[in-house]
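Asker: Just dropping this structure here.
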Amino acid sequence: MGKKLLGITLSFVLVFSVLLAGCSSNNNTNDAKDSATNSTTNNASTNDTSNQASTDSNQTSTNSSDPNDPAANFKPIEITMLGDLPVGGKTATEDVLTPIWREKTKVSVKVVGVTAGQSGDEFWQKQIVADTLPDLINLYGVLGPQYSAYKLMKQNNQLREIKKEDIEKYMPRFKAYLEKMGGNIDDLYKDNLDADGKMWWMPSMPSQAALPTYLTTKWWANRVGEKPYYQYVRDDVLKKIFPNAKTEQELKDLYNANGAKLTYEDVNDIPIHNQAELLDFYRKVQALDIKVGDKKTYVHPQSSSQNVNSILWSMYSATGNMWSFTAERSTKGDVMTYIPWTNEWKDYIKMWNTMYQEKILDPGTFVQKDDQLNAKIINGEYVVFNQWGPVNDARALSKKENRGYGYRILSLFPGHQLNNKYQDLTYFPANLDGSGLGVGINAKVSDEKYIQILNWLDWNMSEEAAELRAWGLPEWSTGTGEDRRFKPEYKALEDWAVRGVKSEKDGNYYGMYDPQTNSSIGAQAWNAETFGVQGLFNPYQPAFVYPAEPNPEVNLDNVVLQLNSKYHSDQQIFFHQVGWTWGELDPDGAWAKADQTNGVYSDAAKVAVVQAIIQKPDKFDDNYAKYMKVMDGGGFKDEEKKMEERWKTLYAKMLPEIEKVKK
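Remember, this note's numbering sits 57 above the position in the sequence shown when you count from 1.
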């Protein structure tokens, strides 16, 4: 995850409870190979377009005989969606979901990606000038007042307003599901209004913490929420350096011997607690000079080789800070600190310089494609790698070829306190704001297509769709809620959904996304048509409603992450976010503009930080000074200071709600 995000909401934090996967591209770009194409040719007006249904001959009836079927009067259409392209060759053998999606909506989806090699606003500017944006804009970290791409689209009348009455009229399934979970359309609409009083995106994953029904489920008690970033370590290598650390198999044995239970201490037995100890561990790994065949092995902490900026977030918690709602700015009380200006950040970049100079890192680290990165992970050539690598594929190959090793999670770092030097996340805001995770509709789509798109969104965000993603077809299981179970003939599917066991007929076989994969491709990049817009997920997922039980083939990643998350959630209290929005931190967009050109994730800073890493150590201080100098330009420093002052005002607005929930 980790991108240049300001105003990240609780939705962003809790979404990983559902996906357990990250995204390695920069927030306004994607390293996919395909380019976006012209997808909309309907002639309609822009922001003041009427959203009322039309009854012209362009809308023909299907063969549906159900008068209550929302799609009964739709004809089959294809819509284009700017989203995450499928990568890694994951295709279903017997896709059971896509046909249902198309039957329910009469919509098929063509997914197009951001043009490779374009960064910042370049892609959006070219698409706007050429008038080639697709029907839907569905990219992580793009829609919302804090994003420059969103501002560009609004300024050029590229987005269609979504009205509350349209949601109520054309999205009845989502409305019912939202109300069942304790929310309502009024609050959803209010929490997603822009400063102009209009709503320009449909929030696809509003925060579960703001919906009371979620808080009563086993999922909430065992969710994967706030936690440090982590890495995977080949356990044969781990054992050579720390003989008392458990291998993956030894951890499984302990889990089963204890009746399917582990403790926080059990899963954090690797004695690495800070950057110095982490670097020392990396050095010892490299000194072993382990080979895979004739290939050297390396440490690879990056989530993406194609996106250099991933070095800035891939180990972010190693700086002593958790990634949170103000991104690389940590807050403690009414004080906001820009972490890249701290000594801790310099130490972090210095560690990358050391790793590069001492050849701990692969020489191809900054130049290889991500497919090459993933192939090396799977083949065991990267003995330590980032949390978003395809670890289960690596495990499967080791098992298939009897290589004799597994993988352990290394947390960065155990014992982290949410209240520390620069940061206090004890009190955490929650509402139904979906910015950053929303879906925008092109202003050019016709009224008829707009209605059908809303119906498509309605289906994707319905309770029935959430159940299908979690459980597959209704006839595969019995019971409801926390009493639901797979039928015996679907034992392989149960093992996959509950225990993370990969097999020939697991969920992937049927076109269901595997939440245990932890690969660098998220669900929406695996099949964007059925997983790209998820809405309120099903809290009664198999992994949460099945009682834990001993199992020799269990995948313990979820167990480890749940324990790490619980350690931090026990330190945390949620309060209701009312009377303010994150947009107040940058009301006129001046900070976003300066951040784009001179902030830590700007192109200029990207070039400078790479030079600081790859140049010789005796040049580090000079190169680091040049890196910091980037942030002196473009008015960035002044805007950052103004942001810090606005935070004081915003924090004053939070205090009344915080006082209400204080213990």
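We put the CB at the ideal spot given by N, CA and C, even for glycine.
Just so you know, these numbers come straight off a predicted model, no measurement behind them.
(1) In three-state terms, what does DSSP make of His625?
(2) Once DSSP output is grouped into helix, strand and coil, what is the label at Ser534?
(3) So if DSSP puts Leu190 in a beta bridge, which residue, or which two residues, is it bridged to?
(4) Under 8 Å between the Cβ atoms of Asn443 and Ser371?
(5) Leaving out five residues on either side along the sequence, give the residues of the same chain with a beta carbon under 7 Å from the beta carbon of Arg703.
(6) Between the C-alpha atoms of Thr320 and Asn214, what's the straight-line distance to the nearest angstrom?
(7) What is the DSSP secondary structure of Val356, reduced to helix, strand or coil?
(8) Nearest CA to the CA of Leu369: which residue from Leu430, Ala665, Lys717?
(9) Can you list, in chain order, the residues of its chain with a C-beta nearer than 6 Å to that of Met210? Leave out the 5 residues immediately preceding and following it.
(10) Run the CB neighbour count on His633, radius 10 Å, all protein chains shown included, and call it buried at 16 or more, exposed below.
(11) Which word fits Val169, buried or exposed, when buried means at least 16 other C-beta atoms lie within 10 angstroms of its C-beta?
(12) Answer with buried or exposed for Gln212, where buried requires no fewer than 16 other C-beta atoms within 10 angstroms of its C-beta.
(13) Within this structure, are the beta carbons of Ser492 and Gly282 separated by less than 8 Å?
(14) Can you tell me the Cα-Cα spacing of Thr535 and Asp351, whole angstroms?
(15) Below 8 Å on the Cβ atoms is my contact criterion, and I expect Val290 with Val448 to pass it. Report the Cβ-Cβ distance as a whole number of Å.
(16) What does the alpha-carbon distance come out to for the pair Ser381 and Gly390?
(17) Compare the C-alpha of Asp660 against each of Gly239, Ala453, Gly690, Glu236 and name the closest.
(18) Can you look up Ile219 in the DSSP assignment and give me helix, strand or coil?
(19) In whole angstroms, give me the CA-to-CA distance for His330 and Gln474.
(20) With DSSP as the reference, please indicate the residues paired to Pro486 in a beta bridge.
(21) Look at the alpha carbon of Gly446 and the alpha carbon of Asp248, and state the distance between them as a whole number of angstroms.
(22) Is it true that the CB of Trp276 sits closer than 8 Å to the CB of Phe601?
(23) With the cut-off set at 8 Å, would you say Met259 and Gln591 are in Cβ contact?
(24) In this structure, how does DSSP classify Asn476 when only helix, strand and coil are distinguished?
(25) Can you tell me where the beta strand (DSSP E) holding Glu135 begins and where it ends?
(26) Look at the alpha carbon of Lys309 and the alpha carbon of Ala527, and state the distance between them as a whole number of angstroms.
(27) Distance check for Tyr204 and Lys705, CA to CA, integer angstroms please.
(28) Are the CB atoms of Asn431 and Leu454 within a distance shorter than 8 Å?
(29) Quick one: give me the first and last residue of the beta strand (DSSP E) that Gln288 is part of.
(30) For Leu712, count neighbouring C-beta atoms within 10 Å of its own C-beta (all shown protein chains included) and say buried if the count is 16 or more, exposed if not.
(31) When you compare the CB positions of Pro202 and Ala252, do they come within less than 8 Å of one another, or not?
Answerer: Here's the rundown:
(1) helix
(2) strand
(3) According to DSSP, Leu190 bridges with nothing at all.
(4) yes
(5) Glu641, Leu642
(6) 54 Å
(7) strand
(8) Ala665
(9) Leu216
(10) exposed
(11) buried
(12) exposed
(13) no
(14) 51 Å
(15) Incorrect: roughly 10 Å between the Cβ atoms, too far for contact.
(16) 14 Å
(17) Gly690
(18) coil
(19) 12 Å
(20) Phe632
(21) 34 Å
(22) yes
(23) no
(24) strand
(25) 134–139
(26) 25 Å
(27) 22 Å
(28) no
(29) 287–291
(30) exposed
(31) yes
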